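Novice: I have a structure I would like to understand better, so I am pasting it below and will then ask my questions one at a time.
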Amino acid sequence: MTNEPQPEPEEAQTQEPDPAKAEVGVGPWEGELPEGDHWDPDLLADGDRRNVLDKYRYWKHEAIVAELDSRRHNFHVAIENWQHDLNIGTVVRTANAFLAKEVHIIGRRRWNRRGAMVTDRYQHVRHHATVEDFVAWAQGEGLAIIGVDIFPDSVPLETYDLPRDCVLVFGQEGPGLTPEVHEAAVATLSIEQFGSTRSINAASAAAIAMHAWVRRHVFNQHVSASPSRDIALSRNPEGPNCR
């Protein structure tokens, strides 16, 4: 679902089967029909093939969204979209999995919905035409803007105490965060790497950062600077990459 008009649907880029349309789910309800306003009569009669957890089988769409809304986490996720970034669908899907409050798309409205695997129906997605609009909104909501990218002033995500009320911002694949977002961020974080590649893509970085927030604020796992980081950096003297 979205807080603003839906982005334009994407044309299929390949002829491969769409995994979002794979046969999943359950058939028609067997036995006496359950009672309650959250049950969908059509799904009870015809079966439920949606990509949802078993506990939501046969529920109305709006009932699922309302239940998720009752317990969403405090963090938001934002991604810049100036060149039609194909990572966005995967970011939306991951945000749904980690129960982000909202996903924010900065720049172009159109994005790759295919990668979301229909999870955008259950995840609030908000569009901001410019960085200035996004920053004004975040500041108005009292959210700390946390950039995730490679800058000289970036600090390791692994040792940074993420605030509870924040928005994790990721740049366009390739160029990374724009200078405007970098300037507005209260901190920019990098993700430690240990192999030969210079970077990981934005969708992977977003998943790692979201899980870091969950570990800190759901599982109460505190972070602290570790001497082992110096050892790791001695093996990778150019430092971490996450773009």
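Under our numbering, think of the first position of the sequence shown as 1145, with each following residue one higher. Ideal Cβ placement from N, Cα and C applies to all residues, glycine included. Small disclaimer: the values here were computed from a predicted structure and weren't measured.
Quick check: what's the CA-CA separation for residue 1176 versus residue 1359?
Specialist: Computed Cα separation, rounded: 42 Å.
Novice: Less than 8 Å between the beta carbons of residue 1181 and residue 1317, yes or no?
Specialist: Contact flag unset, no.
Novice: Quick one: complete alpha helix (DSSP H) runs, 4+ long, within the segment 1157–1211?
Specialist: Counting only runs of 4 or more, we get 1185–1190.
Novice: I'd like to check one pair, residue 1236 with residue 1273: are the Cβ atoms closer than 8 Å?
Specialist: It is not a contact, given that the beta carbons lie outside the stated cut-off.
Novice: Could you check what DSSP says for residue 1253 in three-state terms: helix, strand or coil?
Specialist: Coil.
Novice: Would you call the segment 1251–1267 and the segment 1280–1293 touching, i.e. three or more CB-CB distances under 8 Å?
Specialist: No, the segment 1251–1267 is not in contact with the segment 1280–1293.
Novice: Beta-carbon within less than 8 Å of residue 1305's beta-carbon, same chain only, minus the 5 sequence neighbours each way: which residues are those?
Specialist: For residue 1305, where only same-chain residues beyond five positions count, the Cβ hits under 8 Å are 1360, 1366, 1367.
Novice: Hey, quick one: how far does the beta strand (DSSP E) through residue 1302 stretch, first residue to last?
Specialist: It is not in any beta strand (DSSP E) - residue 1302 carries neither H nor E in the DSSP assignment.
Novice: I'd like to know if residue 1323 contacts chain D, where contact means its C-beta is closer than 8 Å to some C-beta of that chain.
Specialist: Here there is only one protein chain, and chain D is not present.
Novice: Do you know offhand how far residue 1243's Cα is from residue 1174's?
Specialist: Those two C-alpha atoms are separated by around 31 Å.
Novice: Please state whether DSSP places residue 1368 in a helix, a strand or coil.
Specialist: Three-state DSSP puts residue 1368 in coil, outside helix and strand.
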